[in-house]
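K.L.:
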Amino acid sequence: MPPLSAIPLGRNALLAVLALGWSSSDVWAQDTWTLTDDERRAFLHHYSPVILKRADEDGEPEHLGHDWLTNIDFDTDGDFSDNRRRWESDKRDFIAGVDHAGWDIQPTVYTALLEFLEDGEKSLILLYHVYHASQGGFTSGDVHDWERMEVRLDGVRPGGPGAGESASYYVLTAHSRHVGLRAGHHDLHFLNAGKTEGAVRGSHLLVWQAEWNGDELLFHSPPRKGELRFVEDNVGEFVDGEALVDISGHSGEWAFHYVFVDRDAEDAAAYWDARTLTRENAAGLVSGRDESDVIRTDETIRIAYELQDMADIFPTHHVDAYGSKANRSWDGPSIRIELAESIHSDLLGTPVTVQPGVHEFLVGSRRGNRRGYPRKHWFWGSYFWNANGNWTGVALATRAGVWNQHDYFLHDGERGEYWAGNYARRAEAEPGHWLPAGWHLPENGGFDGRWVSLFAD
């Protein structure tokens with residue numbers, strides 16, 4: 049019997065399984081249990097990252113708070129295309145308390161959980177997407193900055209995190225490069241019980257994030273534009289000293305001025321004494337530091353972020369999200385996705401529901417050239433492990449230009465062969481496989497959280 053990875057891809061994959069003579073028990077384990085929504089939320093909180101953020105606010109009043117994480121709808125106007133302008137020109141009045149009382153700036157990491165069974169074992173993919181309202185510097189740049197982290201867990205058991213699961217790998221995307229490390233790698237460091245004498249029960253990866261500013265140099269490109277890097281130091285090496293850490297891919301030590309931590313990872317938030325940002329306390333939660341400033345860790349600004357759902361944002365990409373053929377937030381070309389189940393969002397104020405069927409979704413930001421979720425290759429898993437680039441176009445070509453809603457390529461955590469300029473050949477060599485059709489169904493032990501909201505808005 050051929051392996052599951054040999055099954056033809058696309059919407060007819062399950063029919064192909066049956067045609068080859070498999071019974072459902074060959075494909076799916078007999079004990080096809082699923083996590084509860086409470087357990088899914090618990091996993092996302094348990095493994096949420098601690099983000100050590102470098103600032104470049106240089107003490108200027110108009111730049112204060114520039115390096116905050118935020119939510120995509122912080123100005124509550126239902127229009128994402130003006131986020132950069134409003135963040136850079138109007139945020140100062142929010143911080144000063146003189147205007148924009150209706151704003152709701154909430155540092156946010158957008159997330160999704162994928163749950164699936166393979167060979168009788170339950171595994172999870174956790175996706176964390178850090179959002180900034182602006183990509184670039186104070187006077188030039190683009191709207192939206194997206195940075196992401198991925199965690200794979202195997203051996204998941206009922207009852208939530210800490211019941212025997214093990215991490216398989218971690219991935220950070222820095223611009224177009226997807227840097228993956230297997231669990232146990234010496235460059236992975238965490239805020240956890242072992243590093244805090246039992247004070248923190250979760251397993252929170254330490255991640256360093258660059259400031260937005262930064263020019264690319266001819267022979268050396270320093271970290272810039274919000275890219276994420278693995279922290280190569282234990283928390284004990286800097287928590288009682290200077291706010292400097294070694295980071296992956298670069299020599300020397302790099303400063304940080306903010307610490308962002310999941311507010312609902314209670315032990316971690318308490319460990320950092322992280323505060324929830326409000327209009328009333330905003331002026332006291334700005335760093336104002338220049339990127340070269342070195343301060344002590346106890347002088348950093350600690351802010352709690354909240355987890356929200358990627359599923360809230362995705363429907364806003366639909367061509368009809370604002371009415372027939374109207375979309376104020378997203379632009380550019382569109383791609384087609386065949387939805388097996390409807391998707392819904394209340395993010396725009398007016399509910400957006402997209403029914404099953406083939407639909408067009410816009411892939412680019414309006415007033416900018418940033419890509420939205422439909423064009424994010426990691427959203428479909430079609431990226432190269434530990435290499436630059438993606439093979440999303442190759443994958444779509446095999447599907448006649450139509451994604452199936454639950455398409456997802458599962459990486460093995462190994463780098464494939466490199467074929468310069470030949471993405472199709474590289475895609476064939478990428479270690480991993482597409483999850484088979486029906487993997488997401490509860491009766492098959494699955495759940496596709498890219499399309500389902502778990503967190504209250």
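Each residue of the sequence shown is one higher than the last, beginning at 49 in the working numbering.
Just so you know, even glycine gets a beta-carbon here, dropped at the ideal spot from N, CA and C.
#1: Can you grab the Cα-Cα spacing for the pair Gly246 / Gly210, in whole Å?
#2: Just curious, the beta strand (DSSP E) that Ser182 is in, first and last residue?
#3: Measure the C-alpha to C-alpha separation of Trp76 and Gln154 and round it to an integer number of angstroms.
#4: Report the CB separation of Leu355 from Asp312 in whole angstroms; it is logged as a contact under 8 Å.
#5: Identify the continuous beta strand (DSSP E) that holds Asn240 and give its terminal residues.
#6: Compare the C-alpha of Trp482 against each of Trp433, Leu489, Gly429, Gly297 and name the closest.
#7: So Asp104 packs on Ser377, CB below 8 Å; how close in whole Å?
#8: With three or more beta-carbon pairs closer than 8 Å as the criterion, would you say the region 194-213 touches the region 278-294?
#9: Would you check if the distance between the CB atom of Arg327 and the CB atom of Ala149 is smaller than 8 Å?
#10: Using a 10 Å radius around the Cβ and a threshold of 16 neighbouring Cβ atoms, would you call Asn436 buried or exposed?
#11: With Glu301 as the anchor, note down where its beta strand (DSSP E) starts and where it stops.
#12: Quick check on the burial criterion: 16 or more other C-beta atoms within 10 angstroms. Buried or exposed for Gly416?
#13: Measuring straight from C-alpha to C-alpha, what distance separates Tyr158 and Ser501?
#14: Within the same chain, show all residues whose beta-carbon is closer than 7 Å to that of Tyr431, passing over the 5 residues directly before and after it, in chain order.
#15: Pick from Ala475, Glu476, Asp167, Glu408: whose alpha carbon is nearest that of Gly493?
#16: With DSSP as the reference, label Glu328 as helix, strand or coil.
#17: Assess contact between the region 168-178 and the region 194-201, defined as three or more Cβ pairs (one per stretch) separated by less than 8 Å. Is contact present?
#18: Quick check: the Cα distance between Trp194 and Glu275, rounded to an integer number of angstroms?
#19: Within the region 273-361, note down every full beta strand (DSSP E) run reaching 3 residues or more, in order along the chain.
#20: How is the beta strand (DSSP E) around Ser413 delimited, first residue to last?
#21: Drop a sphere of 10 angstroms on the beta-carbon of Trp467, count the other beta-carbons inside from all chains shown, and report buried for 16 or more, exposed for fewer.
#22: Please report the straight-line C-alpha distance between Arg337 and Glu87, rounded to a whole angstrom.
#23: Measuring alpha carbon to alpha carbon, tell me which of Asp190, Asn282, Thr244 ends up nearest Asp235.
#24: Can Pro479 and Asp460 be called in contact, C-beta distance under 8 Å?
#25: Express the C-alpha separation of Ala443 and Glu465 in angstroms, rounding to a whole number.
#26: Using only alpha-carbon positions, find the residue among Ser382, Thr348, Glu347, Ile349 that is nearest to Thr364.
#27: Do you know offhand how far Glu110's Cα is from Gly300's?
#28: Given this structure, state the Cα-to-Cα distance separating Phe122 from Asp152, to the nearest angstrom.
#29: Would you give the residue range spanned by the beta strand (DSSP E) that Tyr195 belongs to?
#30: Between Thr80 and Leu161, is the Cβ-Cβ spacing less than 8 Å?
#31: Go through its chain and collect everything with a Cβ distance to Ala291's Cβ below 8 Å, but skip five positions before and after it.
#32: Could you compute how far the alpha carbon of Phe142 sits from the alpha carbon of Thr446?
#33: Taking C-alpha atoms, which residue in Leu117, Gly497, Asp125 lies nearest to Phe362?
#34: Suppose contacts are defined by Cβ-Cβ distances below 8 Å. Is Thr20 in contact with Ser413 by that definition?
#35: Quick check on DSSP: helix, strand or coil for Ile153?
#36: Which residues mark the beginning and the end of the alpha helix (DSSP H) in which Tyr217 is found?
P.N.:
Let me spell this out:
#1: 14 Å
#2: 169-184
#3: Confidence is the limiting factor: at Trp76 the pLDDT is only 47, short of 50, which leaves the residue's position unreliable, though a coordinate-based value still follows. Trp76 and Gln154: Cα-Cα distance of roughly 41 Å.
#4: 7 Å
#5: 238-240
#6: Gly429
#7: Actually they are not in contact, since the Cβ atoms of Asp104 and Ser377 sit about 27 Å apart, beyond 8 Å.
#8: no
#9: yes
#10: exposed
#11: 301-303
#12: buried
#13: 11 Å
#14: His226, His425, Asn438
#15: Asp167
#16: coil
#17: yes
#18: 9 Å
#19: 276-278, 292-294, 301-303, 306-310, 349-357
#20: 405-413
#21: exposed
#22: 39 Å
#23: Asn282
#24: yes
#25: 17 Å
#26: Ser382
#27: 31 Å
#28: 5 Å
#29: It is Glu, not Tyr, that sits at residue 195 in the sequence shown. Segment 189-202, the beta strand (DSSP E) holding Glu195.
#30: no
#31: Leu100, Ala303, Phe304, His305, Val342, Ile343, Arg344, Thr345, Glu347, Thr348
#32: 49 Å
#33: Gly497
#34: No information on residue 20 is available, as it lies outside the stretch 49 to 505 that the chain covers here.
#35: coil
#36: Tyr217 -> not in any alpha helix (DSSP H); beta strand (DSSP E) instead, spanning 214-222.
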